[in-house]
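Engineer: My questions will all concern the structure given below.
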Amino acid sequence: MNIPSAKCPSCGKLVTNVHFEEVNAEPGFFSQGGWRSIVYLCPNLQCRAVLSVQIDPIAIRTEICDHIDKEVSSLRNEVNRLGTIVAHLAQSMR
Ligand SMILES: [Zn+2]
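Numbering (the numbering used here), first residue to last: 23 to 116.
Here is the structure:
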């Protein structure tokens, strides 16, 4: 393991770990929507300087999986609907 050498740019203390909080990253005043994000904070409770912000990778993964689940469910319903139509056509041709 490396010896920590990163220092907080605000308080100057070594950063051996960070705290994080969930925030929403918004595109601007006149736009809607945003991304669930994480802000990394200096662990020094008297400081709490923002060290970095990034999109929440877990939230993004969850949103992608939810989207895929909905698409697969929709396709499954469409395949079932088409299967029913094919069955009716096959029966009417007998
Ligand atoms: Zn600090």
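Glycine is no exception: its CB is placed at the ideal position from the N, C-alpha and C atoms. Just so we're clear, the structure is a prediction, and the values are computed from it rather than from any experiment.
Compute the minimum distance between the beta carbon of Asn66 and the heavy atoms of ligand 1, and state whether it is under 7 Å.
Structural biologist: yes
Engineer: Between Ala28 and ligand 1, is the CB less than 7 Å from at least one heavy atom?
Structural biologist: False, no ligand heavy atom lies under 7 Å from that Cβ.
Engineer: Check Ile86 in the structure and name its three-state DSSP category.
Structural biologist: helix
Engineer: Can Val37 and Pro26 be called in contact, C-beta distance under 8 Å?
Structural biologist: yes
Engineer: Is Ala71 near ligand 1 - that is, is its Cβ less than 7 Å away from at least one heavy atom of it?
Structural biologist: yes
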